[in-house]
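Residue numbers (my numbering), protein chains in the order written: chain A, 1 to 114; chain B, 1001 to 1691; chain C, 2001 to 2121. Virtual Cβ for every residue (Gly too), placed ideally from N, Cα, C. Note that the coordinates shown come from a computational prediction; the quantities given were computed from them, not determined experimentally.
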Amino acid sequence: MDLKTEKAGNTVTVKMGGPLTIEHAANLKTFMSNVSGEAEEILVDLDGVTDIDLSCIQLLCSANLSFDKTRKRLIRKSGQTKVITRALSEAGYTREMVCQDKPCKNCLWKGEER
Amino acid sequence: MDVQRQAFKEEAYELLAELETSLLELEETPDDMEQIGRVFRAMHTIKGSGAMFGFEDIADFTHNVETVFDQVRGGSIRVTRELVNLTLSARDHIKDLLDEGGGADEIKANGIIVSLRNLLVQDDADEEAEAEALPEIVHAEPAVPGPVVTCRIRFRPAPDIFASGTNPLLLLNELREMGECSVTAHTEDIPPLKDLDPEACYIFWDIILTTSHGTNAIKDVFIFVLDDCELTIDIVDDGERVVDGAHPDRLGEILVRRGDLSDKHLQKALESQDRLGEILIKEKTASRAAVVSALAEQEQVKKRIAQRKETAVSTSIRVPADKLDQLVDLVGELVTVQARLSEKAATETDADLVAIAEEVEMLTGGLRDNAMSIRMLQIGTTFSNFKRLVRDLSGELGKKIELTTTGGDTELDKTVIERLKDPLVHIIRNSIDHGIESPDVRKAAGKPETGTIHLKAQHSGANVLIEISDNGKGIDAEVIRQKATEKGIIPIDADLSEREVLNLIFSPGFSTASKVTDLSGRGVGMDVVKNSIEALRGSIELVSRKGEGTTITLKLPLTLAIIDGLLVTIGGDYFVLPLASVDECVELPRNRDEKRNGRNILNVRGEIVPFIRLRKEYGIQVDRPELEHVVIMETNGKRVGFVVDHVIGGHQTVIKNLGSAFKKARDISGATILGDGTVALIIDVNKILDF
Amino acid sequence: MAKTILTADDSASMRQMVTFTLKGAGYEVVEAVDGKDGLSMISQSKVDMIITDLNMPNMDGIEMIRNVRTMPQYKFIPIILLTTESQDGKKKEGKAAGATGWITKPFKPEQLLAVVKKVLK
């Protein structure tokens, strides 16, 4: 897993690459906790992700939920990758259930074609 | 597998050689745990691999030694000289089995087993047996496919599921391979980042699966996690729900049944008129995932029911109607020939012929019923055609009329249904035109603004009754009587019951369309309707109550092709009377007849019954017999006798049309051919009475 | 890239059977003769899954599983334990030690592959 950040004004862009899998979940959590203090808006770029499993999907959900609560915004860079689309559909994130209310007002996975 | 069997044998020989060494050493140092472990493992491997590669006899035998050494290992049995001796003999026996030379001594082997078992410490053995058996993967291959069922599965893994190396997504994928599957993740338990254990699983799933593999196969998917996950499997569609009228459960019902929603919350949500799912989510009484999954369940079950419906439909085939008519014609011919055969057989003494004739009679009967039933259609389609008629016509007249139907599944012969359509249109039109009042009139009379015309069909013996009733203003019997008197249809002092008066509207010449509008009632060419119904060998009756409505009942035979008749003769000619209307038969001796002074009435147990001499009707010149017979029939509520020479008996017969040459013979509805080839005419009783 | 599976078994014929079956299905297989051997092999090169026998000299299957789970790179690796039907209690023990699942001997090659498919992505 590689994580790179770029800061521009109030926005931090996080480029994630490699496998986002359970082995890296603990690191990803630490990273996301730290990055949340850095900006009002965090843009996540998942284009370089080669694999994502359930642990990291739920971790990103959790991060989104936390940001929601602190009135910060976590945005996923638009553009879909097959890896993400496939993992979400395997995990049973149906298009209809993408949370608009609970837990997150702005679902991270919204707009994902499945 | 042969290569692997060979590999096992080589390995086993090696292990047996080592075993011998170990045992001998063990005899010297009985407490050497390492040697004990070695002996146990050797036995264990021989047993396990033996079973793997098809050496069941070796596996079974070795199991006994392994069990003993398991206890030795556990310290409950001590190594003695006796044990070493026994084990050495066991080792030799295993070697004999491996050699496959037939040198193995069964009796000796049994002796070894008994001795080994005697060494076992009982308690331990019991404990072993009591250990709760864990499930096994039994079917790597799907077993014989069972019925296709739709299941709802809730799978909530233990939070530490990842730590056991389990990837829940693979289990979900396994389910997806078993059939149509919708998986909905519940994300509501995911905590904010600061509370999140990144290596725990917070998501759980609702899965709707349609599969033929059965619930055991579903459990097999979760076999390794069964003990520490929450798994419920409920069958929501057993694949057999009746096709007709089956509907998937409502969203609210599904949620309550699943425990995702309380009854109280459901009732509350239902009170507002919004879409249920949206309300529940908005009010947070049910999670979005729960609603989504419930909708998925509904969708999938709906689809299954639709599929079943389709299969049900595709098992029927379309056949051109004339082919069916042909079939019925041929069956008719066959019935005729069969009747001849039976008649012939009855006069012969040949037992074989009699037996054959009986069998042919039975088969023909079955074939006839079957062919007839194929021609049967449900009257419902015809009924629904009238919806449009009622809608359009009532709109034109500014009336509010609702058409309701019952018994649409009642079956009638296709020809009857076809020929019934026009009379029905006529009757319904009359109801709309003259029966149902305009909304304001109805309101003033204290009736609901919308009038109702009700069509009802039902079976009644060999007949079908069709009722057309309205809740309009009804018919005033006095007006009818007046009109009939004016027209000269009845004498001015005619003594008629109200029912008889009402039924006068069916009389020919009672009314014409141009005159009827000033008549407060109906009667538009009702004689035409009556004729059509009678042409179908049916009858028509009218009941009406002023201010409450009118009911017309049509009584129709199930089929036109066959008639249950009473066969009679007059002057050597054969005739058939419809059996359904026959009440009774009485004798008419000539001497008594002469006392009547030519009046054609008969006293039957005190009741006066008028009769008609058919020989006179048909102009039959042959002399009357000494003893005539009267067939008393009931038509239109009246009993009338028909005088014939002889009554032969019941006769089920196929009706043949007379053809256009005999179009004018109105009191004959058809003909039939008897067993010996004679033609019998079928008498149209109603027509005779009309003239 | 083919996934690599370690099979640890003191029975040569068992190892041969497992290897033959898995290679036929396109997996890479490395063989170890006991638990200790297995541990040293997986610390040298990474594997994606472990199939281990229960009774082995030097280090048995359960002991090996406990050790594997302490290695950070193998904390979440799928591990299947081979047992015999008389060892039901051992399945629970193995599960508690960190095994993902189990197969009971005797088993057919298809059953082995079904289990591998169940736990290995």
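Who are the near neighbours of Asp1518 of chain B in its chain, counting only those whose CB is closer than 6 Å to its CB and skipping five residues on each side?
Interpretation of Asp1518 of chain B is limited by its pLDDT of 35, a score under 50 that renders its predicted location unreliable; the figure taken from the coordinates is listed afterwards. There are no such residues.
Check Gln1621 of chain B in the structure and name its three-state DSSP category.
Reduced to three states, the DSSP call for Gln1621 of chain B is coil.
In three-state terms, what does DSSP make of Cys960 of chain B?
What the structure shows of chain B is the stretch from 1001 to 1691, and residue 960 of chain B is not part of that stretch, so it cannot be assessed.
Indicate the three-state DSSP secondary structure (helix, strand or coil) for Arg1176 of chain B in the structure shown.
DSSP places Arg1176 of chain B in helix when its eight states are reduced to three.
So Lys1303 of chain B contacts chain C; which residues on that side make the cut at Cβ distance below 7 Å?
What Lys1303 of chain B touches in chain C: nothing, since even the nearest Cβ is about 28 Å away.
Leaving out the 5 sequence neighbours to the left and right, which residues in its chain are closer than 6 Å to Thr1570 of chain B when beta-carbon positions are compared?
Before going on, a small fix: residue 1570 of chain B reads as Ile here, not Thr. So the qualifying residues of the chain are Leu1614, Arg1615, Ile1620, Val1644, Asp1645.
Who are Trp2102 of chain C's beta bridge partners in DSSP?
The partner list for Trp2102 of chain C (beta bridge, DSSP) reads C:Leu2081.
Using 10 angstroms around the beta-carbon of Pro1508 of chain B, count the other beta-carbons present and answer buried if the total reaches 16, otherwise exposed.
Pro1508 of chain B is exposed by the Cβ-count criterion.
Out of B:Thr1672, B:Glu1628, B:Val1685, point me to the one whose CA is closest to Leu1334 of chain B's CA.
For the residues B:Thr1672, B:Glu1628, B:Val1685, the minimum Cα distance to Leu1334 of chain B belongs to B:Thr1672.
Assuming Val44 of chain A is part of the beta strand (DSSP E), what are its boundary residues?
It spans 41-52 - the beta strand (DSSP E) in which Val44 of chain A sits, taken as one unbroken run.
Using the C-alpha atoms, what's the distance from Val2115 of chain C back to Glu1141 of chain B?
For Glu1141 of chain B, the pLDDT reaches just 45, beneath the cut-off of 50, and the residue's location in the model is therefore unreliable, although a value from the coordinates is still provided. The alpha-carbon atoms of Glu1141 of chain B and Val2115 of chain C are separated by roughly 12 Å.
Can you list, in chain order, the residues of its chain whose CB lies under 8 Å from that of His1139 of chain B, leaving out five sequence neighbours each side?
Summary for His1139 of chain B: the model assigns pLDDT 44, below 50, so the residue's position carries little reliability, and this model does not support an answer.
Is the distance from the Cβ of Gly1380 of chain B to the Cβ of Gly1408 of chain B below 8 Å?
In contact: Gly1380 of chain B and Gly1408 of chain B (Cβ atoms closer than 8 Å).
For Leu1674 of chain B, name the three-state secondary structure that DSSP assigns.
Coil.
Determine the DSSP secondary structure at Ala1217 of chain B, reduced to helix, strand or coil.
The answer is helix: DSSP assigns Ala1217 of chain B an H, G or I state.
For the stretch 2065-2076 of chain C, which residues have a CB atom closer than 9 Å to at least one CB atom of chain A, in sequence order?
Correct list: Pro2072, Gln2073, Lys2075, Phe2076.
For His1629 of chain B, which option in B:Val1647, B:Lys1638, B:Ile1112, B:Asp1623 has the closest C-alpha, if you only look at C-alpha atoms?
Of B:Val1647, B:Lys1638, B:Ile1112, B:Asp1623, the residue nearest in Cα terms is B:Val1647.
Nearest-angstrom Cα distance between Leu1088 of chain B and Leu1098 of chain B?
Distance between the alpha carbons of Leu1088 of chain B and Leu1098 of chain B is about 15 Å.
With a cut-off of 8 Å, does the C-beta of Glu1199 of chain B fall near any C-beta of chain A?
Taking Cβ atoms only, chain A reaches closer than 8 Å to Glu1199 of chain B, which makes this a yes.
Evaluate contact between the stretch 1011-1027 of chain B and the stretch 1222-1241 of chain B, counting only Cβ atoms and requiring at least three cross-stretch pairs below 8 Å.
The stretch 1011-1027 of chain B vs the stretch 1222-1241 of chain B: no contact.
Where does Glu1127 of chain B land, buried or exposed, given buried means 16+ other C-beta within 10 angstroms?
Any reading at Glu1127 of chain B is ruled out, since the residue's pLDDT is 46, under 50, leaving its predicted position unreliable.
Please state the DSSP three-state secondary structure of Gly1649 of chain B.
In the structure shown, Gly1649 of chain B sits in a strand (DSSP, three-state: E or B).
Which class does Ala1496 of chain B belong to by DSSP, given the choice of helix, strand or coil?
Note on identity: in this sequence residue 1496 of chain B is Leu, with Ala being the wrong assignment. In the structure shown, Leu1496 of chain B sits in coil (DSSP, three-state: anything other than H, G, I, E or B).
What does the Cβ neighbour count give for Arg1522 of chain B, buried or exposed, with the cut at 16 atoms within 10 Å?
Residue confidence for Arg1522 of chain B is low, a pLDDT of 45 falling below 50, so the modelled location carries little weight; the figure read from the coordinates is stated next. So Arg1522 of chain B ends up on the buried side.
So, for Gly2061 of chain C: in the same chain, excluding its five sequence neighbours on each side, which residues have a beta-carbon less than 6 Å away from its beta-carbon?
So the qualifying residues of the chain are Thr2052, Asp2053, Leu2054, Leu2081.
Does the Cβ of Ala1017 of chain B have 16 or more other Cβ atoms within 10 Å, making it buried, or fewer, making it exposed?
By the neighbour-count rule (16 or more Cβ atoms within 10 Å), Ala1017 of chain B is not buried but exposed.
Considering only residues of the stretch 1400-1449 of chain B, which uninterrupted alpha helix (DSSP H) runs meet the minimum length of 4 residues and lie entirely inside it, listed in chain order?
The stretch 1400-1449 of chain B contains these whole alpha helix (DSSP H) runs: 1414-1430, 1439-1444.
Please list the terminal residues of the continuous beta strand (DSSP E) segment that includes Pro2109 of chain C.
No beta strand (DSSP E) contains Pro2109 of chain C, which is instead part of the alpha helix (DSSP H) from 2109-2119.
When the cut-off is 8 Å and only beta carbons count, does Met2017 of chain C lie next to chain B?
For Met2017 of chain C, the answer is yes, since a Cβ of chain B falls inside 8 Å of its Cβ.
By alpha-carbon positions, which one of B:Tyr1618, B:Glu1584, B:Val1640 ends up nearest to Ile1608 of chain B?
Selected option, being the one with the closest Cα: B:Val1640.
In the DSSP output, what is Ala2032 of chain C paired with across the bridge?
In DSSP, Ala2032 of chain C forms a bridge with C:Ala2008.
Check the Cβ-Cβ distances between Asp1126 of chain B and every residue of chain C, and say whether any is below 8 Å.
Any answer about Asp1126 of chain B is weak, because its pLDDT of 47 lies below 50 and its placement is not dependable; what the coordinates show is given next. No, because no Cβ of chain C sits closer than 8 Å to the Cβ of Asp1126 of chain B.
Just verifying my parser: in three-state terms, what is the DSSP assignment at Gly1395 of chain B?
DSSP places Gly1395 of chain B in helix when its eight states are reduced to three.
Return the CA-CA distance between Asp1249 of chain B and Gly1259 of chain B, expressed in angstroms with no decimal places.
The straight-line gap from Cα to Cα measures roughly 15 Å.
Please classify Tyr2074 of chain C: does DSSP put it in a helix, a strand, or coil?
Three-state result, Tyr2074 of chain C: helix.
Please confirm whether Ala2008 of chain C and Met2064 of chain C have their CB atoms less than 8 Å apart.
Cβ atoms of Ala2008 of chain C and Met2064 of chain C: closer than 8 Å.
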